[in-house]
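One structure below.
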Amino acid sequence: MNIVVCIKQVPGTTQVKINPETGTLIRDGVEAVVNPFDEYAIEEAIRIKEKIGGNVLVITMGPPQADAALRSAIAMGADEGYLVSDRAFAGSDTWATSYTLSGAIKTLGQVDLIICGKQAIDGDTAQVGPGVAEMLGLPFVAWVRKVEGITDASIKVERLMEEGYDVVEMPLPGLITVVKEINEPRMASLKGKMRAKSAEIKKIDASTMEVDPDRIGLKGSPTQVFRSFVPERKGGGEKITGETAELAQKAASVIQNLGVVK
Ligand SMILES: Cc1cc2nc3c(=O)[nH]c(=O)nc-3n(C[C@H](O)[C@H](O)[C@H](O)COP(=O)(O)OP(=O)(O)OC[C@H]3O[C@@H](n4cnc5c(N)ncnc54)[C@H](O)[C@@H]3O)c2cc1C
1126 MNIVVCIKQV PGTTQVKINP ETGTLIRDGV EAVVNPFDEY AIEEAIRIKE KIGGNVLVIT
1186 MGPPQADAAL RSAIAMGADE GYLVSDRAFA GSDTWATSYT LSGAIKTLGQ VDLIICGKQA
1246 IDGDTAQVGP GVAEMLGLPF VAWVRKVEGI TDASIKVERL MEEGYDVVEM PLPGLITVVK
1306 EINEPRMASL KGKMRAKSAE IKKIDASTME VDPDRIGLKG SPTQVFRSFV PERKGGGEKI
1366 TGETAELAQK AASVIQNLGV VK
């Protein structure tokens, strides 16, 4: 089974600073780590490989220094690392990121399962996993908290819901995004770290995959950041109580009073 894990390198802090001019992240001087949710994705891929055999390929789209994230995954036990990097990808929004990653994944040959984290702790949109699945025309299940069983043809998982969980069976190839309840990521062994140090990280750029130049980078991004700011905390708030129909009526009247809908 060939398992691809999408990982993102993120600032190792929740105090992310945004350049007010460009609306992009300020990465200088900030320690970079593997997105914590992606460590669960790496761990799950390695566990599946240990159970039924196969290869774990990790892929990241980012600047050249994202190479370090791939090496961390290899140190944990992933087999190969792929760095998707090109100046032409700069300024990608989540749509262009999903498009570019899906194009890169197509160059990896037969892929049976793709695993992503639930979300990245900096961008926080949780859009890239489902976006990649959509662009590859694959089924997906988000918020997976347990893999109950897997064969070459299908995967059975528990999907975390607000209250409880669903059991979902999905044909493969397909994609899942995982939550932190799924496992406890292992520490890299010394042997793993040594292997990671000398591992060859394969590069994928705009010339080594089939992408429409109009759909990548800033130019190919349908959304643009006009302004980034921390919203002011508003006090007060009104709690609405009652039966469902009454609640709906009260909520509708509150919305109407805001004057944003007629
Ligand atoms: C309007 C807009 C404009 C942007 N402009 C820029 C910009 O100019 N420069 C810039 O650097 N960023 C920019 N970004 C941020 C960039 O689009 C996101 O960092 C990226 O698309 C990932 O989105 P996310 O952080 O919300 O990840 P999520 O969707 O929350 O991540 C979910 C999962 O997807 C996978 N994943 C996410 N990103 C990657 C990746 N890069 N490689 C591999 N796997 C991944 C991981 O498994 C992750 O756990 C912009 C975002 C938006 C919305």
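For the sequence shown, the working numbering assigns the number 1126 to the initial residue and increments by one for each residue that follows. The C-beta atom is built at its ideal place from N, Cα and C for all residues, glycine as well.
Original post:
Taking contact to mean at least 3 C-beta pairs separated by less than 8 angstroms, is the segment 1152–1159 in contact with the segment 1203–1215?
Top reply: no
Subject >> Assigned exposure category for F1354 - 16 Cβ within 10 Å defines buried >> reply: exposed
Original post:
Should K1243 go down as buried or exposed, given a rule of 16 or more other Cβ atoms within 10 Å for buried?
Top reply: K1243 comes out buried.
Original post:
Rounded to a whole number of angstroms, what is the C-alpha to C-alpha distance between S1323 and A1193?
Top reply: 12 angstroms
Original post:
If we count Cβ pairs, one from each stretch, closer than 8 angstroms, do we get three or more for the segment 1244–1260 versus the segment 1287–1306?
Top reply: With the cut-off at 8 angstroms, the segment 1244–1260 and the segment 1287–1306 touch.
Original post:
Quick one: Cα of N1180 to Cα of V1155, how far?
Top reply: A straight line joining the alpha-carbon of N1180 with that of V1155 spans about 32 angstroms.
**OP:** Rank A1170, I1151, I1128, I1199 by C-alpha distance to the C-alpha of M1319 and give the top, closest one.
**Re:** I1199
Original post:
In this structure, what does DSSP give as the bridge partners for Y1290?
Top reply: L1285
**OP:** Can you give me the start and stop residues for the beta strand (DSSP E) that L1300 sits inside?
**Re:** Residues 1299–1303.
**OP:** Taking only heavy atoms of ligand 1 into account, decide whether any of them is closer than 7 angstroms to the Cβ of I1184.
**Re:** Yes, ligand 1 has a heavy atom inside 7 angstroms of this Cβ.
Subject >> Contact test: G1242 Cβ vs ligand 1 heavy atom, cutoff 7 angstroms >> reply: yes
**OP:** Look up T1185 in the DSSP assignment and give the residues it is bridged to.
**Re:** L1208
Subject >> In DSSP terms, what N1144 is bridged to >> reply: Its beta-bridge partners do not exist; DSSP assigns none.
**OP:** Indicate, with yes or no, if ligand 1 has a heavy atom lying under 7 angstroms from the CB of N1308.
**Re:** no
**OP:** Mark E1287 as exposed unless 16 or more other C-beta atoms lie within 10 angstroms of its C-beta, in which case mark it buried.
**Re:** exposed
Original post:
When DSSP builds the beta bridges, which residues end up paired with A1157?
Top reply: P1136
Subject >> Pair within 8 angstroms by beta-carbon distance, M1334 and A1191 >> reply: no
**OP:** Classify M1312 as helix, strand or coil using the three-state DSSP reduction.
**Re:** coil
Original post:
What did DSSP end up calling K1328 once you bin it into helix, strand or coil?
Top reply: strand
Subject >> 8 angstroms Cβ cutoff met for K1271 and E1283 >> reply: yes
Original post:
Is the closest heavy atom of ligand 1 to the C-beta of A1132 under 7 angstroms?
Top reply: At residue 1132 the sequence reads Ile, which differs from the Ala that was named. It does: the Cβ of I1132 is within 7 angstroms (strictly closer) of some heavy atom of ligand 1.
**OP:** Report back the beta-carbon spacing between I1239 and V1183 to the nearest angstrom; my notes put them in contact at under 8 angstroms.
**Re:** Rounded, the Cβ-Cβ distance is 11 angstroms, inconsistent with contact.
**OP:** Could you tell me if the beta carbon of G1248 falls within a distance shorter than 7 angstroms of some heavy atom in ligand 1?
**Re:** For ligand 1, at least one heavy atom lies less than 7 angstroms from the Cβ of G1248.
**OP:** Determine the direct distance from the alpha carbon of A1321 to that of K1328, and round the result to whole angstroms.
**Re:** In a straight line, the C-alpha of K1328 is about 16 angstroms away from that of A1321.
Subject >> Nearest residue (CA-CA) to E1273, options G1202, D1204, M1295 >> reply: M1295
Subject >> Rounded separation between G1262 and Q1235 - CA only >> reply: 14 angstroms
Subject >> Heavy atom of ligand 1 within 7 angstroms of V1269 beta-carbon >> reply: no
Subject >> C-alpha gap between E1357 and V1386, whole angstroms >> reply: 23 angstroms
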